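Protein chains in written order, with this note's numbering: chain A, 17 to 142; chain B, 17 to 142.
Yeah, the Cβ is synthetic: ideal placement off N, Cα and C, and Gly gets one too.
Just so we're clear, the structure is a prediction, and the values are computed from it rather than from any experiment.
Below you'll find the structure, written out as structure tokens, and then a few comments.
There are 2 protein chains.
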Amino acid sequence: MSHKNKPTDTELEILQILWQKGPSSVRDVNDTMSQDKEIGYTTTLKLMQIMNEKELTQRDTASRTHIYSAKVEEETVKSGLLKSFINTAYRGSASSLVMQALGQSNASMEELDQIKSLIQKIEDRK
Amino acid sequence: MSHKNKPTDTELEILQILWQKGPSSVRDVNDTMSQDKEIGYTTTLKLMQIMNEKELTQRDTASRTHIYSAKVEEETVKSGLLKSFINTAYRGSASSLVMQALGQSNASMEELDQIKSLIQKIEDRK
DNA sequence: GATGAAGTACGAAAAATATCGTAGTTAAGT
DNA sequence: ACTTAACTACGATATTTTTCGTACTTCATC
């Protein structure tokens, strides 16, 4: 029921890592993030502590090294972000976003077929 | 060739208005924005002045009321935003974004058909 | 049991955005 | 000419997000 369910850019990065790798220590997350850009350990730590306060994550403090995991669902968060992105960038038109995304994607045949059949399914239930 | 071509959320809102309505005064833009949320006139003014410095807009100062217009292309900006959104939120997979967008869209039959035929076109040239 | 490496907590600075007040200017109507 | 309404300019403040330093704690190892 959280009103403000929109993680900041950096928070999203961390969530991605937690979704992808599962429960992780701050060290783990920081190592992963350090592959892309320079970021201090305590910076990551602080971010994750804040995320915990916001209940974006939860953590197991049983051992000295705390283990964080995502508390919000990947699907839920992404769908919220997508909705808001469609609203701000495409004035609410999902189909125009889809068109543009298809245009600049290099989706495989399989993926394209998958999308086609999804469209078929949607059309069928209309 | 600008490196940092990513407008902030508010800047994007303003660009949307300029793209949609064409060259407009600060008053025009502020009136439009005020329909959605409370925002002071000088706030809008300042934002647009900054956008002008960043060359997101250009303005005609011939008459007392300055007329602003977008200096960046709608397609260019959106495609940049989309790319970065796909990267940060969907780990680079355009097709998974498309799937999710279709799922939560209420696209019409016509739009769906349009998308299908776009997919067909892409498949054909593979 | 001393030492050092690896943690956490947390305040506070820095940076990026957004908001607004005030001063001064211009134009139009009276 | 005066007054008022509508502008612009711009500094200052507020808010949000990111970054980091410092202090303190815990654990392993020598």
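Pairing CB atoms from the segment 56–72 of chain A with CB atoms from the segment 40–59 of chain B, are three or more of them under 8 Å?
-> No, they do not touch.
Which residues does DSSP pair with A/Q74 in a beta bridge?
-> Locating residue 74 of chain A in the first sequence gives position 58, counting from the first residue. Per DSSP, A/S85.
Taking C-beta pairs closer than 7 Å, name the residues in chain B that A/S40 reaches, listed in chain order.
-> Here residue 40 of chain A refers to the residue found at position 24 when the first sequence is read from its first residue. Within chain B, no C-beta atom comes nearer than 7 Å to that of A/S40; the closest sits roughly 17 Å away.
For chain B, is any of its Cβ atoms less than 8 Å away from the one on A/M64?
-> Within the first sequence, numbered from 1, the residue matching residue 64 of chain A stands at position 48. By this cut-off, A/M64 is not an interface position.
Length of the line joining the Cα atoms of A/K99 and B/L128 = Residue numbering aside, residue 99 of chain A sits at position 83 when the first sequence is read from its first letter. Residue numbering aside, residue 128 of chain B sits at position 112 when the second sequence is read from its first letter. One C-alpha to the other measures close to 18 Å.
Run down chain B in chain order and give the residues with a C-beta less than 8 Å from the C-beta of A/M115.
-> For the purposes of this step, residue 115 of chain A is identified with residue 99 of the first sequence, where counting begins at 1. Per Cβ cutoff of 8 Å: Q130, I131 and L134.
With a 10 Å radius around its C-beta and 16 neighbouring C-beta atoms as the bar for buried, classify B/A78 as buried or exposed.
-> By one-based count along the second sequence, residue 78 of chain B stands at place 62. Classification for B/A78: exposed.
Are the Cβ atoms of B/A110 and A/K94 separated by less than 8 Å?
-> Residue numbering aside, residue 110 of chain B sits at position 94 when the second sequence is read from its first letter. Residue numbering aside, residue 94 of chain A sits at position 78 when the first sequence is read from its first letter. In this structure, A/K94 does not lie closer than 8 Å to B/A110 by Cβ.
Got a sec: is the Cβ-Cβ distance from A/D140 to anything in chain B below 8 Å?
-> Your numbering for residue 140 of chain A matches position 124 in the first sequence. Judged by the 8 Å Cβ criterion, A/D140 is not in contact with chain B.
Counting only the same chain and skipping the five closest in sequence on each side, list residues whose C-beta sits under 6 Å from that of B/I55.
-> For the purposes of this step, residue 55 of chain B is taken as the residue at position 39 of the second sequence. Hits under 6 Å: M49.
Applying a beta-carbon distance threshold of less than 7 Å, which residues of chain A neighbour B/L34?
-> Position 18 of the second sequence, counting from 1, holds the residue named residue 34 of chain B. Those do not exist, as B/L34 stays about 13 Å from chain A at its closest Cβ, beyond 7 Å.
For A/M125 and B/R141, the rounded distance between their alpha carbons = As a position in the second sequence, residue 141 of chain B is number 125, starting the count at 1. As a position in the first sequence, residue 125 of chain A is number 109, starting the count at 1. The C-alpha of B/R141 lies about 11 Å from the C-alpha of A/M125.
When the Cα atoms are used, what is the spatial distance from A/I66 to B/P39?
-> Against the first sequence, residue 66 of chain A aligns to sequence position 50. Against the second sequence, residue 39 of chain B aligns to sequence position 23. Using only the alpha carbons, I get a separation of about 43 Å.
To which residues does DSSP link B/S41 through a beta bridge?
-> Start at 1 with the first residue of the second sequence, and residue 41 of chain B comes out as number 25. Looking at the DSSP assignment, B/S41 forms a beta bridge with B/I83.
Using only alpha-carbon positions, find the residue among A/L31, A/M64, A/T81 and A/D25 that is nearest to A/E91.
-> One-based indexing of the first sequence puts residue 91 of chain A at position 75. When only C-alpha atoms are compared, the closest one is A/L31.
Can you tell me whether A/E29 is buried or exposed, with buried defined as 16 or more other CB within 10 angstroms of its CB?
-> As a working note, residue 29 of chain A is residue 13 in the first sequence. Buried, since its Cβ has 16 or more Cβ neighbours within 10 Å.
Mind checking B/Q116: buried by the 16 CB within 10 Å criterion, or exposed?
-> If you number the second sequence from 1, residue 116 of chain B lands on position 100. Counting Cβ neighbours within 10 Å, B/Q116 comes out buried, since at least 16 surround it.
Could you tell me whether any Cβ in chain B is nearer than 8 Å to the Cβ of A/A110?
-> Here residue 110 of chain A corresponds to residue number 94 of the first sequence, with the count starting at 1. Yes, its Cβ sits closer than 8 Å to a Cβ of chain B.
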